[in-house]
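2 protein chains.
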Amino acid sequence: MPPFQRHVFVCTNVRPPGHPKGCCAEKGSEAVRDALKAEVKRRGLDGAVRANAAGCLDACEHGVTVVVYPEAVWYGGVRVEDVPEIVEEHLVQGRPVKRLQIKF
Amino acid sequence: MPPFQRHVFVCTNVRPPGHPKGCCAEKGSEAVRDALKAEVKRRGLDGAVRANAAGCLDACEHGVTVVVYPEAVWYGGVRVEDVPEIVEEHLVQGRPVKRLQIKF
Numbered sequence: 005m006p007p008f009q010r011h012v013f014v015c016t017n018v019r020p021p022g023h024p025k026g027c028c029a030e031k032g033s034e035a036v037r038d039a040l041k042a043e044v045k046r047r048g049l050d051g052a053v054r055a056n057a058a059g060c061l062d063a064c065e066h067g068v069t070v071v072v073y074p075e076a077v078w079y080g081g082v083r084v085e086d087v088p089e090i091v092e093e094h095l096v097q098g099r100p101v102k103r104l105q106i107k108f
Numbered sequence: 005m006p007p008f009q010r011h012v013f014v015c016t017n018v019r020p021p022g023h024p025k026g027c028c029a030e031k032g033s034e035a036v037r038d039a040l041k042a043e044v045k046r047r048g049l050d051g052a053v054r055a056n057a058a059g060c061l062d063a064c065e066h067g068v069t070v071v072v073y074p075e076a077v078w079y080g081g082v083r084v085e086d087v088p089e090i091v092e093e094h095l096v097q098g099r100p101v102k103r104l105q106i107k108f
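Chains A and B are the protein sequences, given in the same order. Numbering-wise, the working numbering comes out as the position in the first sequence, counting from 1, plus 4. Numbering-wise, the working numbering comes out as the position in the second sequence, counting from 1, plus 4.
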C-alpha cells in the first residue's frame with residue numbers, strides 16, 4: 005500500500021499526571037487521532053493519506069501536536085474540531101492550515 | 005525543537021497472536037525502535053534526527069517496517085543488527101540503504 009501521498013502523525017504520548025512537560029494524551033490526542041482516521045476514511049482518502057499515532061514528537065508545549073509528511077508541516081493545539089479543516093484544506097487541497105501551524 | 009532534518013518512524017503495532025496479518029511487534033519492532041533511539045543518541049544526532057514509534061504503517065507483510073521522512077524511504081524486515089547501518093549510511097551520510105528498501 006505505501007508510499008502515501010501524505011502521512012500524518014499524531015502524538016499520543018502519555019506521561020504521568022503532574023509531569024512538568026505534560027503530554028499530548030492529557031490534551032485529547034487519542035480523540036484527535038480517532039477523528040483524523042475517521043475523517044480520512046469518510047472522505048475516501050484511504051491509500052492516499054495515512055493517519056498514525058506516534059510517540060513523543062518532542063513538541064510537548066504545543067500539544068496536541070501533529071506533523072504532516074513529506075512536507076513537514078507541524079500543527080499545535082489541535083482539537084477534534086480542527087480535524088475536518090486540516091483534512092479538507094491540507095490533505096485534500098494541499099493548503100496547510102496556517103492558524104494551526106507551530107512557529108518554531 | 006522540531007522540525008528535524010530526518011524523522012524516522014518504526015511501526016510498533018501489536019496484533020493478537022495468530023492474526024493473519026501478523027504484526028511488527030511480534031517481529032521485534034520494540035527492540036528495533038529502542039536500538040534506533042539509542043544509536044541516534046550515541047551518535048549525537050539528537051535534534052537533527054528523531055526516532056519515534058508509530059501505529060500500523062500498513063505494510064504488515066514487510067515488517068519490521070520503518071519509514072524515514074521527509075524523503076519517504078521505506079525499509080522492511082529491519083532487525084536490530086541493521087540499525088547502525090541505517091543510521092550511518094542514511095541518517096548521517098544521506099544514502100538510503102538499498103538492500104533494506106521495500107519494493108512497493
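Ideal placement from N, C-alpha and C gives every residue a C-beta, glycine not left out.
Check, Outcome
"Show which residues of chain A have a CB atom less than 7 angstroms away from the CB atom of P88/B.", "Ordered by position in chain A, no residue passes the 7 angstroms Cβ test against P88/B, which lies about 21 angstroms from the chain."
"So the beta strand (DSSP E) R46/A belongs to, where does it begin and stop?", "Segment 33-46 is the alpha helix (DSSP H) holding R46/A; no beta strand (DSSP E) there."
"In chain order, what residues of the same chain lie with their CB nearer than 7 angstroms to the CB of E89/B, ignoring the 5 residues before and after it?", "V101"
"Residues in its own chain within less than 8 angstroms of I106/A by CB, not counting five upstream and five downstream?", "A63, H66, T69, W78, Y79, G80"
"For A76/A, which of V84/A, C28/A, E43/A, H11/A has the nearest alpha-carbon?", "H11/A"
"CB T16/A to CB A58/A, shorter than 8 angstroms?", "yes"
"Taking V18/A as the reference, give the member of M5/A, S33/A, Q9/A with the closest Cα.", "S33/A"
"Rounded to whole angstroms, how far is the Cβ of L61/A from the Cβ of P6/B, which I believe are closer than 8 angstroms?", "7 angstroms"
"For a contact meaning CB atoms closer than 9 angstroms, what does P100/B contact in chain A?", "By Cβ distance, chain A contributes nothing, its closest Cβ being about 13 angstroms from P100/B, past 9 angstroms."
"Over the uninterrupted beta strand (DSSP E) stretch that includes C27/B, give me the two end residues.", "From DSSP, C27/B is part of no beta strand (DSSP E); its letter is neither H nor E."
"Taking the alpha carbon of P21/B as the reference point, which residue from V82/B, K31/B, V72/B has its own alpha carbon closest?", "K31/B"
"Across which residues does DSSP place D50/A in a beta bridge pair?", "V53/A"
"Measure the beta-carbon distance from V53/A to L95/A and round it to whole angstroms, keeping in mind my assumption that it falls under 8 angstroms.", "5 angstroms"
"Which residue marks the beginning of the beta strand (DSSP E) containing C15/A, and which one marks its end?", "10-15"
"Along the region 39-56 of chain A, where does the CB come closer than 8 angstroms to a CB of chain B? Name the residues.", "R54, N56"
"At a CB-CB cut-off below 9 angstroms, which residues of chain B make contact with G22/A?", "By Cβ distance, chain B contributes nothing, its closest Cβ being about 22 angstroms from G22/A, past 9 angstroms."
"Would you say L61/B lies against chain A (beta-carbon separation less than 8 angstroms)?", "yes"
"Since V82/B and A55/B are thought to touch, with beta carbons under 8 angstroms apart, how far apart are those beta carbons, to the nearest angstrom?", "So it is not a contact: roughly 12 angstroms between Cβ atoms."
"V72/B lies in the beta strand (DSSP E); which residues open and close that run?", "70-73"
"Taking the alpha-carbon of K45/A as reference, which of G98/A, V87/A, R99/A has the nearest alpha-carbon?", "V87/A"
"When the cut-off is 8 angstroms and only beta carbons count, does A29/A lie next to chain B?", "no"
"Within a Cβ cutoff of 6 angstroms, which residues of the same chain sit near E93/B, ignoring the five residues on either side of it in sequence?", "R99, V101"
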